[in-house]
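Participant: Here it is, the structure, as C-alpha cells.
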Amino acid sequence: MSATASPARSRHWRLIVAGIALVVLIIGGAAAYGFGLFAPKGPVPLVLYGNVDIREVSLGFRVAGRLLAVPLDEGDHVAAGTLLATLDQAPFQERLGSATAKLASLQATYAKALAGNRAQDIAQAEAELVNRQATLTNAEALYRRRQVLVRNGDASREDTETNGAAFRSAQAAHDQARQALSLMRAGPRVEDIDAARADMQTAAADRAAAQTDLDDTRLLSPSDGTINTRASEPGAIVAAGATVFTLTIDRPIRVRAYVTEPDLGRLRPGQAVQVRTDGGGRSYAGTIGFIATIAEFTPKTVETTSLRVDLVYRLRIIVTDPDEHLRQGQPVTVLIPEPQA
C-alpha cells in the first residue's frame, strides 16, 4: 500500500504547487496592468458626452396686420426664400398709392422751380409793363393839362386833385409791373429750390417706407429648415414682431459638449472627431469649431489641485455630414481618436 500511496500523494502536491503558481501569476498580471505595464501604445482616445444643439429662429412680420394665408404647417421642410405666410395687403397698398401720388406732385413742383419761368410768362410780364407805361403816360398828360386849366381859371381844383390821384395810381401800377417783370426774369430763389428739393426727398422716403411695409406683408424663410411651431392661424390680428413660426435651421448642425480641465490641453480647434448617437448607433464626422476660454464652473474658494478637475469648458463641434436623424437636444457621444499629446 505504501508503494501505491506514494505516487498519489506526489500528484496531490504537484496540483497544489500548480494552483499556487497560477494564483501568483494572476496577482502579478493584475499588478502589472495596474501599473500600466501592459497599457496600449500611443495616445488613448478621449470620449466626451454632449447634446445636439441645432439652432432655432422665431419668425414674424415687421408690421402688424390681419393674417391672410398660412400655407405651411408644422413638420414641413422649406428652402430659403419660401413664402411662409401673408398679411392682408389692402391697407398697405392704399398707403403706398397715396405716398406715390404725393411724391409725383412734389417732383413736379421741384422740376418747375428748377426750370425757372417760361419765356411766355416773361413775355406776358413785359406786355403788362408796356400797358402800365401807356396808362401812366396818359394819366400824366391829363394831370398836366388840368394844372394849366386850373391856373387859367378854366377848371376847378377838385378836378385837378382827381387827376393827380389817377396819375399817382398809374405810377404805382407801373412800378409793380416793372418789379414783376424783374422777378420773372430772375426766376425762383435758391432757397425755394432747396425747399422744394427737401420736400421731394421727404416724400420719396415716405414712399420707400410704404413700399417696405408692403413687402413685409410676405413672410419668407431666411434659410433651409423645418417648421417646428405654427403659432397663428388665418384671420388672426398679429402684432409687429409676434412669432408666427419657429424654424429649425438645417445647417450647420452643432454638438455642445464639455471637457474637463485636465483634458483641455489635448484639444484644439479644427481637430477631427466622431459623433455617435446612442439609440441608432449612427456615426458622423465632425470638427471642433470652438473651445470656450472661460470655465463653466469655477470653485468659489481657493482652487486646489483636487478641485481643479471640476473645471469644465464648453466645446462646439460642427457635424460635417449630418442627416435628418439628428434632433434638437439629442444626446450623443463624441470620440476624439487622436487627441493632442
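For the sequence shown, this note's numbering begins at 372 and goes up steadily by one. Heads up, the beta-carbon is just placed ideally off N, CA and C, and yes, glycines get one too. It should be emphasised that the depicted structure is a prediction, and the values quoted were computed from it without experimental measurement.
(1) Please report the residue range of the beta strand (DSSP E) in which G468 lies.
(2) Near A470, which residues of its chain fall below 6 angstroms by C-beta distance, leaving aside the five closest residues on each side in sequence?
(3) Is it right to say D584 is buried, meaning 16 or more other beta carbons lie within 10 angstroms of its own, or is it exposed?
(4) Using the rule of at least 16 other Cβ atoms within 10 Å of the residue's Cβ for burial, across every protein chain shown, is V705 buried or exposed?
(5) Return the CA-CA distance between V418 and I689, expressed in angstroms with no decimal places.
(6) Output the boundary residues of the beta strand (DSSP E) element that contains A440.
(7) Report all residues from its chain with a CB closer than 7 angstroms to the CB of E695; omit the five preceding and five following residues, and keep chain order.
(8) With respect to the beta strand (DSSP E) encompassing A628, which residues constitute its N-terminal and C-terminal limits?
(9) Under the DSSP definition of a beta bridge, which residues are partnered with Q645?
(10) Count the C-beta pairs between the segment 456 to 466 and the segment 636 to 656 that are closer than 8 angstroms, then say yes if the count reaches three, no if not.
(11) Would you kindly work out how many angstroms separate the C-alpha atoms of A701 and V646, rounded to a whole number?
(12) Alpha carbon to alpha carbon, how far is Q495 from I564? Give it in angstroms, no decimals.
(13) Using the rule of at least 16 other Cβ atoms within 10 Å of the residue's Cβ for burial, across every protein chain shown, is Y420 buried or exposed?
(14) For Q699 and I425, which I take to be in contact (beta-carbon distance under 8 angstroms), what is that distance rounded to the nearest angstrom?
(15) From this set, V519, T691 and T533, which residue's C-alpha is nearest P623's C-alpha?
(16) Rounded to the nearest angstrom, what separates G657 and I707 at their Cα positions?
(17) Just to confirm before moving on: does the CB-CB distance between D459 and R433 stay below 7 angstroms?
(18) Whose C-beta lies closer than 6 angstroms to the C-beta of A567 among residues of the same chain, with five residues either side of it excluded?
(19) What's the C-alpha gap between T600 and T617?
(20) Checking the sheet assignment: what are the DSSP bridge partners for S429?
(21) Is the CB-CB distance between V626 and V428 below 7 angstroms?
(22) My output table needs one value for I665: the three-state DSSP class, helix, strand or coil.
(23) Below 7 angstroms between beta carbons: does that hold for N502 and M555?
(24) So, for L443: in the same chain, excluding its five sequence neighbours on each side, which residues have a beta-carbon less than 7 angstroms away from its beta-carbon?
(25) Is it true that the CB of A537 sits closer than 7 angstroms to the CB of A505?
(26) State buried or exposed for R516, treating a residue as buried only when at least 16 other CB atoms are found within 10 Å of its CB.
(27) Between A628 and L590, is the Cβ-Cβ spacing less than 7 angstroms?
(28) Which of helix, strand or coil does DSSP assign to G452?
(29) For I659, count neighbouring C-beta atoms within 10 Å of its own C-beta (all shown protein chains included) and say buried if the count is 16 or more, exposed if not.
(30) With DSSP collapsed to three states, give me the class of G558.
(31) DSSP three-state label for G446, please.
Facilitator: In short:
(1) Position 97 of the sequence shown, counting from 1, holds the residue named residue 468. Careful: G468 lies outside any beta strand (DSSP E), inside the alpha helix (DSSP H) at A461 to A486.
(2) As a first step, residue 470 must be located in the sequence shown, where it is residue number 99. Hits under 6 angstroms: D577, R578 and A581.
(3) The count along the sequence shown starts at 1 and reaches residue 584 at position 213. Buried, since its Cβ has 16 or more Cβ neighbours within 10 Å.
(4) As a first step, residue 705 must be located in the sequence shown, where it is residue number 334. Label assigned to V705: buried.
(5) Taking the sequence shown and counting its residues from 1, the one referred to as residue 418 is at position 47. Taking the sequence shown and counting its residues from 1, the one referred to as residue 689 is at position 318. Using only the alpha carbons, I get a separation of about 16 angstroms.
(6) Position 69 of the sequence shown, counted from the start, is the residue given in the question as residue 440. Here the beta strand (DSSP E) through A440 covers G436 to A440.
(7) Translated into the one-based positions of the sequence shown, residue 695 becomes position 324. Closer than 7 angstroms at Cβ, skipping near neighbours: no residue.
(8) To locate residue 628, count along the sequence shown from 1; it is residue 257. Start and end: I624 to T631.
(9) In the sequence shown, residue 645 corresponds to position 274, counting from 1. Beta-bridge pairing links Q645 to A656 and L706.
(10) no
(11) The count along the sequence shown starts at 1 and reaches residue 701 at position 330. The count along the sequence shown starts at 1 and reaches residue 646 at position 275. The residue you asked about is not Ala; residue 701 is Gln in the sequence shown. Those two C-alpha atoms are separated by around 12 angstroms.
(12) For the purposes of this step, residue 564 is taken as the residue at position 193 of the sequence shown. For the purposes of this step, residue 495 is taken as the residue at position 124 of the sequence shown. Each residue's Cα considered, the two are about 23 angstroms apart.
(13) Here residue 420 corresponds to residue number 49 of the sequence shown, with the count starting at 1. Exposed.
(14) Taking the sequence shown and counting its residues from 1, one reaches residue 699 at position 328. Taking the sequence shown and counting its residues from 1, one reaches residue 425 at position 54. At roughly 5 angstroms, the Cβ-Cβ gap stays under 8 angstroms, so Q699 and I425 are in contact.
(15) Taking the first residue of the sequence shown as position 1, residue 623 is located at position 252. Ranking the options by Cα distance to P623, first place goes to T691.
(16) Taking the first residue of the sequence shown as 1, we reach residue 657 at position 286. Taking the first residue of the sequence shown as 1, we reach residue 707 at position 336. Taking the straight line joining both Cα atoms gives about 10 angstroms.
(17) Counting from 1 along the sequence shown, the entry for residue 459 is found at position 88. Counting from 1 along the sequence shown, the entry for residue 433 is found at position 62. Going by C-beta atoms, D459 is not nearer than 7 angstroms to R433.
(18) Walking along the sequence shown from the start, residue 567 turns up at place 196. If we look at A567 and ignore the five residues flanking it on each side, its Cβ neighbours are T480, Y481 and A484.
(19) Numbered from 1 along the sequence shown, position 229 holds the residue referred to as residue 600. Numbered from 1 along the sequence shown, position 246 holds the residue referred to as residue 617. Cα-Cα distance, rounded: 5 angstroms.
(20) Here residue 429 refers to the residue found at position 58 when the sequence shown is read from its first residue. S429 pairs with T617.
(21) Taking the sequence shown and counting its residues from 1, the one referred to as residue 626 is at position 255. Taking the sequence shown and counting its residues from 1, the one referred to as residue 428 is at position 57. No; because the gap between Cβ atoms is not below 7 angstroms, this pair is not in contact.
(22) Along the sequence shown, one-based indexing puts residue 665 at 294. Correct three-state label for I665: coil.
(23) In the sequence shown, residue 502 corresponds to position 131, counting from 1. In the sequence shown, residue 555 corresponds to position 184, counting from 1. It is not a contact, given that the beta carbons lie outside the stated cut-off.
(24) Sequence index remark: in the sequence shown, residue 443 carries index 72 (1-based). Cβ within range, chain order: V449, L455 and I598.
(25) The residue labelled residue 505 in the question sits at position 134 within the sequence shown. The residue labelled residue 537 in the question sits at position 166 within the sequence shown. No, the Cβ-Cβ distance between A505 and A537 is not below 7 angstroms.
(26) Translated into positions along the sequence shown, residue 516 becomes position 145. It is exposed - the Cβ of R516 has fewer than 16 other Cβ atoms within 10 Å.
(27) What you label residue 628 is simply residue 257 of the sequence shown in a count that begins at 1. What you label residue 590 is simply residue 219 of the sequence shown in a count that begins at 1. No, these two residues do not count as a Cβ contact at 7 angstroms.
(28) For this step, residue 452 is matched to residue 81 along the sequence shown. G452: coil per DSSP, three-state reduction.
(29) One-based indexing of the sequence shown puts residue 659 at position 288. Buried.
(30) By 1-based counting over the sequence shown, the position of residue 558 is 187. In this structure, G558 counts as coil in the three-state DSSP scheme.
(31) Locating residue 446 in the sequence shown gives position 75, where the first residue counts as 1. Looking at G446 - three-state DSSP - the assignment turns out to be coil, as it is neither helix nor strand.
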